[in-house]
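There are 2 protein chains.
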Amino acid sequence: MASMSEKISACLADGGDMLLGDDATSRSAGVWRDDSVQATIIVRPRSTQEVSEVLRVCHEEGQSVVTHGGLTGLVNSADTTAADVVLSMERMNNIIDIDTLGRTMTVQAGVPLQQIHDVCAEHGLMFPVDLGARGSCQIGGNAATNAGGLRVIRYGMTRDNILGIEAVLADGTILSSLNQVLKNNAGYDLKQLFIGSEGTLGVVTQLVLRLRTELPAEHTALVGFSDYQRVLKFLSYFDGALAGNLSAFEVMWPDFFMHQRAKCEVKGLEIDGDARFFAIVESLGVDHSQEAETFGAALEGAMEEGLITDAVVAQSDNDRAAIWKIRDEVEHLFDGGEHMFFDVSLAIRSMNEYVDEVRANLAKQSFDSQFYSFGHLGDGNLHFCVVCKSDLAKYQPTIEECVYQPLEPLGGSISAEHGIGLQKKAYLSLTRSDAEIAVMRTLKHAMDPKGILNPGKIFDFEGPVSIQ
Amino acid sequence: MASMSEKISACLADGGDMLLGDDATSRSAGVWRDDSVQATIIVRPRSTQEVSEVLRVCHEEGQSVVTHGGLTGLVNSADTTAADVVLSMERMNNIIDIDTLGRTMTVQAGVPLQQIHDVCAEHGLMFPVDLGARGSCQIGGNAATNAGGLRVIRYGMTRDNILGIEAVLADGTILSSLNQVLKNNAGYDLKQLFIGSEGTLGVVTQLVLRLRTELPAEHTALVGFSDYQRVLKFLSYFDGALAGNLSAFEVMWPDFFMHQRAKCEVKGLEIDGDARFFAIVESLGVDHSQEAETFGAALEGAMEEGLITDAVVAQSDNDRAAIWKIRDEVEHLFDGGEHMFFDVSLAIRSMNEYVDEVRANLAKQSFDSQFYSFGHLGDGNLHFCVVCKSDLAKYQPTIEECVYQPLEPLGGSISAEHGIGLQKKAYLSLTRSDAEIAVMRTLKHAMDPKGILNPGKIFDFEGPVSIQ
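Note that the protein sequences, when read in sequence, are chains Y and A.
According to the numbering used here, the residues represented by the first sequence are 1 to 468, in order.
According to the numbering used here, the residues represented by the second sequence are 1001 to 1468, in order.
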């Protein structure tokens, strides 16, 4: 009888492009990870047709399939077992079409995000989705995880920047919805199924992206506040004052800011030391001098109204880099020991109360921990870093309880932008009701009745293989 | 044995609020229609719990249910037969919560869109979804049909402005996903199922809306072009020049513009008579004088670069009203006889070629017809009005063929914003592949296996009742 690898190879052109055995298991499990892929078969299809053929065979055989993009995920959503087949999209990395007037780009799923940005820049265009992993992550993975990133407040998540998707269903059916227009109300919007479902409902093979005209003029400031209520009032005020040009609103609690300012080597950032909250605000526009005036006037207005205690406006690219360094060089937080990183969301009116509760929960524990909070507040997205001197693995479940439990009564989410994968699966029911999880299972059953696609991720589902 | 109305009444508080027999059938079938509701039972639930109880009973009995909002739809998506039960959302019209700092509003599905705008205005906020039917349409219907409207180019469709939805499933299960944050990647985004599915997958009962800070400063101009290619280049240029403040880009072909200018009583709109295309452009911002400068300078730049042949900038509210009058008073088109109205979308680079083809198709027919084209070009959305002196009903299928057939090779959609309902059902396969329609049926089967929800709309599905 033919082995699984032979069956897969037989349905690819010229035997296909596959890594087997040690060639597969010597690959890293992820960009920021020390462990390796467990699967012993990695298929690298070169076309949608090949993806379709592979899935058709896997479906017939009840063979589990895990799709791999750039492997920059943070919740173990692309983890494999020895029994899985990996479908790596790395060979499907062609840009099919760019329509500079309609401002759309059609790409294969394996194109790295950075390449999309580069091609856009050549045409005076931009694709607003941007994140730290841009050099490694692939657009198919950005869609499958509904990536967030740095400009969500203005341009939304990946979901909001995708017009069309071609996906292959579990049984190999090619579902082509490569819509190129903003508006298409002809029946159900099927692409939504594949965005943010972490590869459990289909394999994304091509996408139509919505592009924008490039906005080259950036203005950045670091702002201080006396209390949390003023942070919220200022967000609403400033967003209005910039008439929608606000493209970042990153808030730092004092624990985070003081630690970072001490550790990062930045000069010229003399901001009011008595401020209790800090924010990096940024506008993105086109007319540098006129917008500088608007930006400065809006900050002055905020000072006069007592919304902010101080503001340092970047006068140069160096200044801008220094301001962002405080926010971005999160590795300084890890100096004190082992760390855990969290990504939650909740209504911003409840956010400070929530931060206080998590801090109090952690303080009650028997172990010492440091706690740093910051985030894309404009999006309702909070990040925490919890650092323990030692034995983090031992305390991990307790720390997770401290962070996730208070979200439930506040209607918050255990995952703002990172997804669920395996890492947050145990906590899904804090954020989603039994009815919601039941409907997710209903959709999974309808789209992938044998459960071969990325089994065990997000929630458990009866299928041939399930990672617990 | 209890009748259907008795069974429904029995599960409502105090016998519930129902219209039976003539009280039901004397109701209009729609705001712009002459015919009446055919259903003899109209239930007006006062809570999500009542919706749930009604659906539980209907599901048990295999009773078809058609949800009614403001009945402003244009594709017969809320049509009933004598065998249907209507679930009218008119009593569920409460605003539950407005969070002025988080800029969200939680509402019941039956709240009219106009009321949402009014409440927003009291707080210096806005809900960007806006359309002509604002006084009659309800927010639940806007969601169920994914309404488009006047500001899609900047703010997207209704889908893009909804954060959370509570819906009741066919069997009465209450699915509450009243998310209040921009970012929530905790499993599948279930609200997407109910947006744009025209009431076939569930009944929307509550929504969380994303609000924006109000932008009071409007600038409007009427612009002329020598050819279509320049319209496209100007769109990209102008959107960039306004740094994202562009909130309307309405293009009028000469057939439409010349007819309307002759019919509408507008003064002071002296625009280049040799122009071949016309557009209304609008920016929405906050600093009136500064933005006037940007707006004027961008138009001057376009003149210098030869992108436009002329521009008339509105200097007053009267000017603005005159400009919009030409676009909005479409009733003048109907002077010549009976009319049909179309709503399609396609890539803007193909749009003029498509218009020419439809015009040529119609010219080949044996009957005389007038043809007017215009639309939300910035969104890839084109409207046509075809006017026949007489016998429109006879020619309707031919006219539909002339308009819809050329869309297929261009990858266009037979419905940009109006939906499918009954009216466009026969043409769905021009826009959606067999695989896509099969997946729509799969979802319908998974969510509503008995097919009781709005049967026969969008596509046929085996259920107890099917409108053909």
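Ideal Cβ positions, reconstructed from N, Cα and C, are used throughout, including at glycine.
Small disclaimer: the values here were computed from a predicted structure and weren't measured.
- Membership of Tyr1354 of chain A in the alpha helix (DSSP H) is indicated by the continuous run Met1351 to Ala1363.
- DSSP lists no bridge partner for Ser1047 of chain A.
- Met18 of chain Y: member of the beta strand (DSSP E) spanning Met18 to Leu20, first to last residue.
- For a Cβ distance threshold of 9 Å, residue set Leu182, Lys183 and Asn185 of chain Y lies close to Met1157 of chain A, ordered along the chain.
- Distance from Leu87 of chain Y to Val54 of chain Y at the Cβ level is roughly 6 Å; contact confirmed, criterion being Cβ atoms closer than 8 Å.
- Counting C-beta atoms within 10 angstroms of its own C-beta, Ser1197 of chain A has 16 or more neighbours from the protein chains shown and is therefore classed as buried.
- Bounds of the alpha helix (DSSP H) holding Arg327 of chain Y are Asp317 to Asp328.
- Taking a Cβ-Cβ cut-off of 8 Å, the neighbours of His1418 of chain A in chain Y comprise Asn185, given in sequence order.
- Taking the C-beta atoms as reference points, Leu1242 of chain A is found nearer than 8 Å to Thr1294 of chain A.
- Ser289 of chain Y has a beta carbon lying at 8 Å or more from every beta carbon in chain A.
- The contact set of Leu1443 of chain A on chain Y, defined by CB atoms closer than 9 Å, consists of Tyr188, Leu190, Leu193, Leu443, Ala446 and Met447 in chain order.
- By a beta-carbon distance limit of 8 Å, Asn1245 of chain A contacts Gly1285 of chain A. Their separation comes to about 5 Å.
- The alpha carbon of Val1208 of chain A has as its nearest neighbour, out of A:Leu1232, A:Asn1161 and A:Asp1189, the alpha carbon of A:Asn1161.
- Cα atoms of Val403 of chain Y and Met1440 of chain A: separation of roughly 39 Å, rounded to the nearest angstrom.
- For Ile399 of chain Y, the enclosing alpha helix (DSSP H) starts and ends at Leu392 to Tyr404.
- Restricting attention to A:Pro1455, A:Gly1102, A:Glu1122 and A:Met1089, the CA atom closest to the CA of Gln1108 of chain A is found in A:Met1089.
- Contact residues of the segment 1240-1274 of chain A toward chain Y are Gly1240, Ala1241, Leu1242, Ala1243, Gly1244 and Asn1245 (C-beta to C-beta distance below 9 Å).
- Separation of Gly199 of chain Y and Arg159 of chain Y (C-alpha to C-alpha, rounded to the nearest whole angstrom) is 15 Å.
- Counting along the chain, no alpha helix (DSSP H) covers Met1092 of chain A, and no H or E run does either.
- Neighbourhood of Lys1233 of chain A in chain Y, by CB distance below 8 Å: Leu101, in chain order.
- A residue is called buried once 16 or more other Cβ atoms fall within 10 Å of its Cβ, and Glu1050 of chain A is buried on that count.
- Assignment of Cys1120 of chain A by DSSP, reduced to helix, strand and coil, places it in the helix class.
- Under DSSP, the beta-bridge partners assigned to Asp1343 of chain A are A:His1383.
- Across the structure, Ala1393 of chain A and Glu1400 of chain A are spaced so that their CA atoms are roughly 11 Å apart.
- Of the candidates Y:Phe384, Y:Ala363, Y:Gly156 and Y:Thr145, the residue whose Cα lies closest to the Cα of Asn76 of chain Y is Y:Thr145.
- Minimum Cα-Cα distance from Gly1135 of chain A among the listed residues A:Val1204, A:His1376 and A:Val1111 corresponds to A:Val1111.
- Contact between the segment 270-280 of chain Y and the segment 343-351 of chain Y is not established, with fewer than three Cβ pairs separated by less than 8 Å.
- In this structure, the alpha-carbon of Arg1432 of chain A lies about 11 Å from that of Phe1459 of chain A.
- For the segment 394-419 of chain Y, the set of residues with a beta-carbon nearer than 9 Å to any beta-carbon of chain A comprises Gly411, Gly412, Ser413, Ile414, Ser415, Ala416, Glu417, His418 and Gly419, in chain order.
- A residue is called buried when at least 16 other Cβ atoms come within 10 angstroms of its Cβ; Arg1033 of chain A does not meet this threshold and is exposed.
- Among the residues of chain Y, none has a CB under 7 Å from the CB of Asp1317 of chain A; the nearest is roughly 20 Å distant.
- Around Met1440 of chain A, the beta-carbon contacts reaching into chain Y at under 9 Å are Gly187, Tyr188 and Leu190.
- Residue pairing for Pro112 of chain Y: DSSP places it in a beta bridge opposite Y:Gln138.
- Each of A:Arg1027, A:Ala1167 and A:Asp1310 was checked against the Cα of Ile1280 of chain A, and the nearest Cα belongs to A:Asp1310.
- Between the segment 1183-1194 of chain A and the segment 171-186 of chain Y there are fewer than three C-beta pairs closer than 8 Å, too few to call the two in contact.
- Residue pairing for Glu6 of chain Y: DSSP places it in no beta bridge.
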